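Take a look at the structure set out below.
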Amino acid sequence: MPEITSIQSTARQQSQSSIGEPITRTDGVLKVTGAATYAADNHPADMLHAVMAVAAIAAGRVTHLDVEAATAHPGVVEVMTPDHRPELSKDPDARDDPFMFRLDLLQNDRVRYPGQPIAVVIAETLEAATEGARLLAPQYETETPLIGLDAGEAFVPDGVGPGEPAETGVGDIEDGLAGASRRIDATYETAAQYHNPMEPHAIVAAWDGDTLTLDTPSQAMTIARHRVAGLFGVDADNVRIRSPFLGGAFGCKGMILSPQALGIMAARMTGRPVKLVVRREQMFGPVGHRAPTRQTLSLGLDDEAHLTGLSHHVRTASSVFDDFFEPAAGVSHTLYASPAIATSHDAVRVNSGTPMFMRAPGEATGSLALESAIDEAAAACGMDPLVFRLANYAEVEPISGKHFSSKRLRDCYQQAAERSGWARRPQAPRSMRDDNGLLVGWGVGTATFPVVMFQGHARAVIRADGSGLVETGAHDMGQGAWTALAQIGADSLGLEMGHTTFRAGSSELPDAGVAGGSGHTATAGNAIHNAGRDAIDKLAELAINDEASLLFGAERRDIIARRGRLHLAHNEARSDSYRDILGRAGLSEVEGQGTGAPDQALQEQFAMHAHGAVFAEVKVDPDLGQIRATRLVGAFAAGRVINPRMVESQFFGGMIWGVSFALHEQATIDRRSGRIMNADLAEYHVPVNADVPSIEAISVPEEDRHINALGVKGVGEIGITGTGGAIANAVWHATSVRPRRFPIGIDDILAGERGS
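When you line the sequence shown up against our numbering, it's residues 9 to 764, in that order.
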């Protein structure tokens, strides 16, 4: 487990606070030199390699596996099949909570989706295991797969997302739409998207009796260890997970999934450490994805261009064996004011792996449709899209009636509009061209994401030499958590970054909660803040009761901690160093414990969100219909900024994903077989450098005292939510064609132009 000590420049060490400083990544050197240890980098002695054999059909059963041929291959040690595998202590189809999914652990010969694990070959080398899996040569009895959003009979699920209601609303939507002067009705479709972080799922599992050590990327180590403990019948305290670094996650590493569990089973079967790494094409199956949606929106408008009704219905899909339903309509609860709002979801079951949480689940898909419909409503009223949004955005969350704890959306609109030059935008579509004759369009989209906070814990120590130690089982998916949390830790102890050691990435450390929902900094950060404050309280208590201290007899409320000393706030001459306080007390250290958790009373009183606005420029070839996003300007109000450099990077990442959502990313399904035809990173398109436009991100200052003690909101997902809609609206402004399918294709533009 690495310990990362930040050594910053002398000039930076003189600042009063680490929080707010654009400190470079504390783990940067480890990553660029290859010293950062990811899960698959671990090679314990006597380790075996495991390779999954996966189904080549979408529905049916496996009728034959040539296990004899596989086991005869030199180097193959074992072949796990439904007829030959370790027994489990818990049914892998059982679900106890919304963050637990049904697993495919070779329960039987049924095939429920393409890419489902049907056997595992374990060998002395990766090459032998790979060849052994090929030699299994599975044979199948096939059935007609359920494919697409019209498969089977639709139903209303019991809940969507992590347990939100499938249907909700306020006011009378029928009256709101019937009484409107103008009405917009539109349907939008978004394609299935698959998790493809740079680091695929991987696990190195080693049993020692009933003690299990796992190296695996995890966004939630405590949840993972309890899931593993239940499956394998051991105490959770006997499961140790090491996950210091993740090469991306986006939601798919938030829970133990089938490949990790199969790796653990392989280690139990052989009695040796086993490594299993998911191949890139196997990422398109058992490790989750974002489900497709078909979203129908109806907007009613009065004579003054105010909304009278907003209806948002979503059709989505889940697997034939498990439940997760993309909560895409939920975004319509929070942005625009209307006396009548109705949101609803229905679903069909298809032969795919189970969808699950994927970056900005619900908000990403829903905002793309909502922002497109809002733009169409503005055009119907003959209004500038920005002016229309300013006239209709909600000051109070419409469904719940809660006041927003802080809302700087108007400032976001203003700053991004000024930076992008929005005032120069002509109202009419298809009225701008560049010097090369390409059509130019400008569009805007509103960004929003809820403030999510889990419960996390941390430990902070002040040592006798005046240095500090902060520990929490935090996760760094590449977003800079090592750095931002270390900054919070240093400040919580009144120390400089160079005098504080930060430890994270192991389940043996205090549970830091879940690194998901853009809530990790708020959760783990507040736990660290409170742990540091607890340590300082204990140190101050020593000084206050020590006659040899210049702080003897002082009130705790009057003492502040800064640069390794305790000071009287109103008399700087009265101070005492950490080293001297502990030395006189004969102590080697003082320890503080802290918990970060949401304030339930405030959550019931306020609607808590981050807000933003994204302005996009696109260029479209008028003859070929080819679209390029050429400029993005986003402004976001997301609470207190811990590290501006990391926050800007997160905004950029979200906006790039928005480009991908609008123009690139989709899984293409063979409607005959149900298989994904582009299960690789050659034909499953995500933006590369040439696709990334000029991007600017503005952090709008925001102080929100209601959300948590640090005032921290999330920044990882909000950038997606405005960007896709801004690009879609810019495409309309360039071409006069309203996109209805995403990603927007050349055929959509050319077909729209022929129809107009």
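Just so it is clear, CB atoms sit at the ideal spot from N, CA and C, and this is done for glycine as well. Here the structure is a predicted model, which is why all the values come from computation and not from measurement.
Cut-off 6 Å between Cβ atoms - residues of its own chain near residue i, not counting five sequence neighbours on either side
{"i": "P10", "result": "Reliability of the predicted coordinates at P10 is poor, the pLDDT of 48 falling under 50, and the value obtained from them is presented with this limitation in mind. The answer, listed in chain order, is P252."}
{"i": "G525", "result": "V460"}
{"i": "D383", "result": "P393, N737"}
{"i": "H209", "result": "P267, V286, V295"}
{"i": "P606", "result": "M461"}
{"i": "R564", "result": "A548"}
{"i": "S702", "result": "R639"}
{"i": "G308", "result": "G184, L185, A188, R191, T316, G317"}
{"i": "A96", "result": "Sequence check: residue 96 is Leu here, not Ala. Excluding positions up to five away in sequence, the list reads L239."}
{"i": "Q674", "result": "A199, P751"}
{"i": "I181", "result": "G317, S319, A348, A350"}
Within 9 Å, strictly: CB atoms of residue i and residue j
{"i": "E371", "j": "A734", "result": "no"}
{"i": "G488", "j": "Q658", "result": "yes"}
{"i": "I192", "j": "A381", "result": "yes"}
{"i": "Q303", "j": "A377", "result": "yes"}
{"i": "V667", "j": "P695", "result": "yes"}
{"i": "A543", "j": "I470", "result": "yes"}
{"i": "L501", "j": "T324", "result": "no"}
{"i": "L493", "j": "G449", "result": "no"}
{"i": "L343", "j": "T176", "result": "no"}
{"i": "D101", "j": "F292", "result": "no"}
{"i": "L144", "j": "A77", "result": "yes"}
{"i": "A615", "j": "H411", "result": "yes"}
{"i": "V356", "j": "E86", "result": "no"}
{"i": "N538", "j": "A466", "result": "yes"}
{"i": "N400", "j": "A313", "result": "yes"}
Burial state of residue i, where buried means 16 or more other Cβ atoms lie within 10 Å
{"i": "L632", "result": "exposed"}
{"i": "R713", "result": "exposed"}
{"i": "Q613", "result": "exposed"}
{"i": "Q147", "result": "exposed"}
{"i": "S346", "result": "buried"}
{"i": "T456", "result": "buried"}
{"i": "R103", "result": "exposed"}
{"i": "Q124", "result": "buried"}
{"i": "Q634", "result": "exposed"}
{"i": "S26", "result": "buried"}
Pairwise C-alpha distance: residue j and residue i
{"i": "Q423", "j": "L239", "result": "52 Å"}
{"i": "T79", "j": "P369", "result": "43 Å"}
{"i": "T133", "j": "M685", "result": "29 Å"}
{"i": "T731", "j": "S413", "result": "24 Å"}
{"i": "F332", "j": "S326", "result": "6 Å"}
{"i": "G255", "j": "M206", "result": "6 Å"}
{"i": "R280", "j": "L56", "result": "7 Å"}
{"i": "V598", "j": "H619", "result": "40 Å"}
{"i": "D311", "j": "A388", "result": "11 Å"}
{"i": "N651", "j": "I126", "result": "46 Å"}
{"i": "E656", "j": "H72", "result": "53 Å"}
{"i": "V168", "j": "Y196", "result": "19 Å"}
{"i": "H528", "j": "V522", "result": "6 Å"}
{"i": "A482", "j": "D519", "result": "8 Å"}
{"i": "M277", "j": "V247", "result": "17 Å"}
{"i": "L114", "j": "R250", "result": "26 Å"}
{"i": "K283", "j": "K261", "result": "17 Å"}
{"i": "E580", "j": "S557", "result": "14 Å"}
{"i": "I757", "j": "S744", "result": "9 Å"}
Own chain residues within Cβ distance below 7 Å of residue i, not counting five before or after
{"i": "D117", "result": "R69, V70, P90"}
{"i": "V708", "result": "R416, D419, C420, Q423, A643, F644, A645"}
{"i": "A257", "result": "P205, P225, Q227, M485"}
{"i": "A136", "result": "H81, P82, G83, V84"}
{"i": "V626", "result": "G449, I635, R636, A637, T638, I735, A738, V739, A742"}
{"i": "I264", "result": "A232, R235, V236"}
Beta-carbon proximity list for residue i, same chain, < 8 Å, skipping 5 on both sides
{"i": "S681", "result": "I65, A66, P122, P153"}
{"i": "R8", "result": "Outside the shown range of the chain, which is 9 to 764, sits residue 8, and nothing can be said about it."}
{"i": "R541", "result": "S500, G600, G602"}
{"i": "T150", "result": "I65, A67, G68"}
{"i": "S514", "result": "M9, M229, R248, I249, R250, S251, P252, G481"}
Proximity test, residue i beta-carbon vs the ligand PLP heavy atom, cut-off 8 Å
{"i": "V84", "result": "Among the components of this structure there are no ligands whatsoever, and the ligand PLP is therefore not found."}
Sufficient close CB pairs (3 or more, under 8 Å) joining the region 278-291 to the region 47-60: yes
Three or more beta-carbon pairs under 8 Å between the region 638-649 and the region 740-757, yes or no? no
Specify whether the region 329-345 and the region 263-281 touch according to this definition: at least 3 beta carbon pairs, one from each stretch, less than 8 Å apart. no
Tell me whether the region 298-308 and the region 360-369 touch, counting them as touching only if at least three CB pairs, one residue from each stretch, are closer than 8 Å. yes
Is it true that the region 486-505 meets the region 225-245, where meeting means three or more beta-carbon pairs spaced less than 8 Å apart? no
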